[in-house]
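There are 2 protein chains.
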Amino acid sequence: MQHYEGVEKVRLLVVDDDPPIADLVATVARYEGWEAVTAYTGEDALRRAAEFHPDIVVLDLMLPGVDGFGVLDRLRASGTMVPVVFLTARDGVADRVAGLTRGGDDYLVKPFAVEELMARLRTVLRRSAGPSFQRSVLRVGDLTMDEDTREVRRGERLLSLTPTEYEVLRYLMRKSPTVLTKAQILDHVWEYGFGGRSNVVELVVSRLRRKLDETDEGAAGLIHTVRGFGYVLRQAAE
Amino acid sequence: MQHYEGVEKVRLLVVDDDPPIADLVATVARYEGWEAVTAYTGEDALRRAAEFHPDIVVLDLMLPGVDGFGVLDRLRASGTMVPVVFLTARDGVADRVAGLTRGGDDYLVKPFAVEELMARLRTVLRRSAGPSFQRSVLRVGDLTMDEDTREVRRGERLLSLTPTEYEVLRYLMRKSPTVLTKAQILDHVWEYGFGGRSNVVELVVSRLRRKLDETDEGAAGLIHTVRGFGYVLRQAAE
DNA sequence: GGGGAGCTGTCGGGAAGCTGTCGCTCAACT
DNA sequence: AGTTGAGCGACAGCTTCCCGACAGCTCCCC
Chain U
1 MQHYEGVEKV RLLVVDDDPP IADLVATVAR YEGWEAVTAY TGEDALRRAA
51 EFHPDIVVLD LMLPGVDGFG VLDRLRASGT MVPVVFLTAR DGVADRVAGL
101 TRGGDDYLVK PFAVEELMAR LRTVLRRSAG PSFQRSVLRV GDLTMDEDTR
151 EVRRGERLLS LTPTEYEVLR YLMRKSPTVL TKAQILDHVW EYGFGGRSNV
201 VELVVSRLRR KLDETDEGAA GLIHTVRGFG YVLRQAAE
Chain F
1 MQHYEGVEKV RLLVVDDDPP IADLVATVAR YEGWEAVTAY TGEDALRRAA
51 EFHPDIVVLD LMLPGVDGFG VLDRLRASGT MVPVVFLTAR DGVADRVAGL
101 TRGGDDYLVK PFAVEELMAR LRTVLRRSAG PSFQRSVLRV GDLTMDEDTR
151 EVRRGERLLS LTPTEYEVLR YLMRKSPTVL TKAQILDHVW EYGFGGRSNV
201 VELVVSRLRR KLDETDEGAA GLIHTVRGFG YVLRQAAE
């Protein structure tokens, strides 16, 4: 892999002793077109890293046998500089992790939201790709989102979004002009295991719409409802 | 199998403890030209997966003995990356599944409509075929349907279809220029077990015709009636 | 460590849109 | 001309969507 948007597939190694979680991450990554391999133990992780040569690693810290730090040490000892994104339970070893997140690495607290994990992975890859990396800016019509500064603009007007609104909008923008079901949005933007099968998505969309269309009176709504199916973000028409 | 539209047949394993359901799915798949094998228990599923090497698996979660998750874990433990689409009863383990498997949106609630299941399977296959997958657009004459954006156009004109109309039209387009009976349409588009012994299909077709032919006065009707048999979607003539 | 501000999700009412039933009319084939 | 299948208007019940109001929570500042 040279450029993660390029021809080559990103190669991801997921290490987590909870198979459903590892599989979840791998599945999502493949959905993005990446190549993903899982390992459920520290030993296995080292073995697979050696033969698979991943471009990036997702590493749970709580592993039976050799723990996450051990895996990291041995990876580094073998000379690889592959960037690592850590997973850790809330109130776990968060402090120690924080110290490790220099040099392109990052970490995430469980349970995480799939979209957030993928966003972090993309950022880390972009950074590690070299100094030549450019900003990641999403654009749909006159709506822009700078993923580095988290600035979102409708034309010139700067919007102030809450974290949830930001995530939902990012997902809509990233997938535009594909129609997404509420279930897809829920599953990608909210933490896995989120119980609320309620109308949260509707609500956030409703709030987003209000912010997006604030001034521009009857003007172009950007988020369209596809009744009985879901939502799309796209310019005009219909 | 390399490309699911290619020469090789797709190999499908269906796992459901309710034989009629499993057979239903297998039959439809074979009708599509796929190779399909069924299993009614978790143990059987693992055995068959090992020897059959499916390209995709449909897996009911409520199995006697080893349940769906168990099957998945063991499949993964044996190193296979085969994509899985889950089936689950409504309000059953739906939440857990949603959280853990829907990274790629691969589950369906029973009772489902056969066409919807097949559509998901195609999507998953298309996706897992690599990052180079392109949009899936159906075309018959000047009628086009984009399955990602759900945009349906007659020439330039954008149609606005309800979910049922959309499904019926998709089925007609996919099978065009084959003649389909009302029973076939009913069986594919409506959930299995649908009671309505009525003229729903006629009605939906009627509504579809009106939308398809809206402006183009006496122009080419696309949906033709084959009296005493069923309907076909095709360009003009006859 | 107390108070405040903003964020998130729940509840529920009301509006809009979708779906299937009924039954009459119309068209096609014999 | 009779018979049978298809078309379709009208309607009622149901589902889906939207959004105001509110309460719990977290995080920050003093």
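For the protein sequence lines, the chains are U and F, in the order given.
Number 218 in UniProt numbering belongs to position 218 of the first sequence; there are no gaps in the numbering.
Number 97 in UniProt numbering belongs to position 97 of the second sequence; there are no gaps in the numbering.
Using N, Cα and C, we set each Cβ at its ideal position, and we do this for glycine too.
Using a Cβ-Cβ cutoff of less than 7 Å, which residues in the same chain neighbour residue i once the five nearest sequence positions on both sides are dropped?
i, result
"phenylalanine 52/U", "Arg11, Leu13, Val37"
"arginine 174/U", "Leu138"
"glutamate 238/F", "Note on glutamate 238/F: pLDDT 40, under 50, position unreliable in the model; no value is reported."
"glutamine 2/U", "Low local confidence applies: a pLDDT of 46 at glutamine 2/U is under 50, so the model's placement there is unreliable, with the coordinate-based value given in what follows. Cβ within range, chain order: Glu8."
"valine 25/F", "Val14, Val58, Leu117"
"valine 204/U", "Thr164, Glu165, Val168"
"aspartate 23/U", "Thr38"
Apart from the five residues on each side of it in sequence, which residues of its chain come closer than 8 Å, Cβ to Cβ, to residue i?
i, result
"valine 137/U", "Thr144, Met145, Asp146, Glu147"
Shortest alpha-carbon distance to residue i belongs to which of the options?
i, options, result
"leucine 158/F", "Glu8/F, Glu214/F, Arg122/F", "Glu214/F"
"histidine 188/U", "Thr80/U, Lys9/U, Leu46/U, Ala119/U", "Ala119/U"
"residue 270/U", "Gly70/U, Arg234/U, Ser128/U, Gly221/U", "Nothing in the structure corresponds to residue 270/U, since chain U is present only between 1 and 238."
"valine 15/U", "Arg30/U, Val84/U, Gly33/U, Gln134/U", "Val84/U"
"threonine 149/F", "Val25/U, Asp23/U, Met81/U, His224/U", "His224/U"
"phenylalanine 69/F", "Phe86/F, Ser176/F, Arg127/F", "Phe86/F"
"alanine 39/U", "Thr88/F, Ser78/F, Leu186/F, Gly33/F", "Ser78/F"
"leucine 121/F", "Leu46/F, Thr41/F, Val57/F", "Val57/F"
"serine 176/U", "Arg126/F, Arg209/F, Arg135/F", "Arg135/F"
"valine 71/F", "Ile21/F, Ala49/F, Thr88/F, Asp55/F", "Ala49/F"
"glutamate 32/U", "Leu24/F, Pro163/F, Arg126/F, Asp67/F", "Arg126/F"
"proline 111/U", "Ala236/U, Thr88/U, Leu172/U", "Thr88/U"
"threonine 123/F", "Asp55/F, Gly221/F, Thr162/F, Trp190/F", "Asp55/F"
"glycine 42/F", "Pro20/F, Ala29/F, Ala26/F, Leu75/F", "Leu75/F"
"proline 163/F", "Arg207/F, Gly221/F, Asp17/F", "Arg207/F"
"glycine 65/U", "Ala22/U, Val109/U, Asp17/U", "Asp17/U"
"valine 109/U", "Glu191/U, Asp23/U, Leu212/U", "Glu191/U"
Is residue i close to chain U, meaning its C-beta is less than 8 Å from at least one C-beta of that chain?
i, result
"proline 163/F", "yes"
"serine 78/F", "no"
"aspartate 73/F", "yes"
"arginine 150/F", "yes"
"serine 128/F", "yes"
"valine 14/F", "no"
Any C-beta of chain F sitting closer than 8 Å to the C-beta of residue i?
i, result
"proline 19/U", "yes"
"aspartate 44/U", "no"
"arginine 30/U", "yes"
"arginine 226/U", "Sequence inspection shows valine at residue 226/U; the arginine mentioned does not correspond to that position. Yes - at least one Cβ of chain F is within 8 Å of the one on valine 226/U."
"aspartate 23/U", "yes"
"valine 232/U", "yes"
"phenylalanine 112/U", "no"
"proline 54/U", "no"
"valine 179/U", "yes"
"phenylalanine 86/U", "no"
"phenylalanine 69/U", "no"
Take residue i and list the residues in its own chain whose beta-carbon comes closer than 6 Å to its own, dropping the five residues that flank it on each side.
i, result
"glutamate 35/F", "Lys9, Arg11"
"alanine 45/F", "Val15, Ala39, Val71"
"valine 201/U", "Lys182, Ile185, Leu186"
"alanine 220/U", "Ala236"
"arginine 153/U", "Thr144"
"valine 93/F", "Below a pLDDT of 50, predicted positions are generally treated as unreliable, and valine 93/F, at 49, falls in that range; the measurement from the model is reported next regardless. Leu61."
What are the boundary residues of the beta strand (DSSP E) that includes residue i?
i, result
"aspartate 106/U", "106 to 110"
"valine 152/U", "151 to 154"
"threonine 162/U", "Element bounds for threonine 162/U: n/a, residue is neither H nor E."
List the endpoints of the continuous alpha helix (DSSP H) containing residue i.
i, result
"valine 189/F", "182 to 189"
Quiz item: With contact counted as at least three CB pairs below 8 Å, one residue from each stretch, are the stretch 167 to 186 of chain U and the stretch 223 to 235 of chain U in contact?
Solution: yes
Exercise. Examine the Cβ distances between the stretch 56 to 70 of chain U and the stretch 104 to 114 of chain F and report whether three or more of them are shorter than 8 Å.
Key: no
Quiz prompt | At least 3 beta-carbon pairs within less than 8 Å: the stretch 107 to 124 of chain U vs the stretch 157 to 175 of chain U | solution = yes
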